[in-house]
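Take a look at the structure set out below.
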Amino acid sequence: IDSSGIIHCVKNTGTSFTHYMSNDGAVNWSNYTYELSDQATQIEEWEFQANGELDLFVLNVRYQSSTGPDVDTIYHVRGYSEDMSPDTLTYIGQGDLDSTSGAGNDIRFDFASLAILNDGGVIVAYHDSTDPDPLFAVEMMMPEY
1 IDSSGIIHCV KNTGTSFTHY MSNDGAVNWS NYTYELSDQA TQIEEWEFQA
51 NGELDLFVLN VRYQSSTGPD VDTIYHVRGY SEDMSPDTLT YIGQGDLDST
101 SGAGNDIRFD FASLAILNDG GVIVAYHDST DPDPLFAVEM MMPEY
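Under the numbering used here, the residue at position 93 of the sequence shown is numbered 93, and the numbers go up by one with no gaps.
Now the structure itself:
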């Protein structure tokens, strides 16, 4: 539930995500589906956040690319109360490292981590070949609302 009282739920099925949203206490639902089957063979990690005051929904997805390594992405939906479709898709990092969760793995990325800042910026975890450990990306340039 975001700060404006809107209920958000995201369901992952295979390589697609459906964002469900209700602004009347779960009586009626709207939805939008993100389909990644053209570029992804498997979803590795994902997380979403919503901020009602900013009318901002973000979906972070780390997927196994159909061409090999894992790719980190983030979808922004600005003004979701009017339109649930994403207005931007951002690729984060190099997208050149195949990592997975679990203690026995030599290259590990154990969980998605995502936050919306008070100014509408986003912080998101990612992992690529530039560092042996997962990193955080901080959104510095934001569109005007």
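For each residue, glycine too, the CB sits at the ideal point set by N, CA and C.
DSSP state of residue i mapped onto helix, strand, coil
i	result
tryptophan 46	strand
leucine 59	strand
alanine 112	coil
valine 27	coil
threonine 67	coil
aspartate 72	strand
tyrosine 34	strand
histidine 127	coil
leucine 135	strand
isoleucine 7	strand
Continuous beta strand (DSSP E) stretch holding residue i: start and end
i	result
aspartate 96	88-97
tyrosine 20	16-22
leucine 117	Premise fails: leucine 117 is in no beta strand (DSSP E) and is neither H nor E.
Neighbourhood of residue i by C-beta, 6 Å cutoff - its chain only, sequence neighbours within 5 removed
i	result
tryptophan 29	Tyr20, Ser22
tyrosine 75	Leu59, Pro86, Leu89
glutamine 42	Gln64
Candidates the options, of which the one nearest residue i by Cα
i	options	result
glutamate 47	His76, Met84, Asp119, Leu114	Leu114
glutamate 35	Ala26, Leu56, Val61, Ala50	Val61
alanine 125	Val77, Asn118, Pro134	Pro134
tyrosine 91	Ala137, Gly120, Val27	Ala137
Below-8 Å beta-carbon distance, residue i vs any chain C residue
i	result
methionine 84	No chain C appears in the structure shown, which is made up of a single protein chain.
Own chain residues within Cβ distance below 7 Å of residue i, not counting five before or after
i	result
asparagine 51	Asp2, Ser3, Ile116
Spatial neighbours of residue i in its chain, beta-carbon cut-off 8 Å, leaving aside the 5 residues before and after
i	result
aspartate 96	Pro69, Asp128, Ser129
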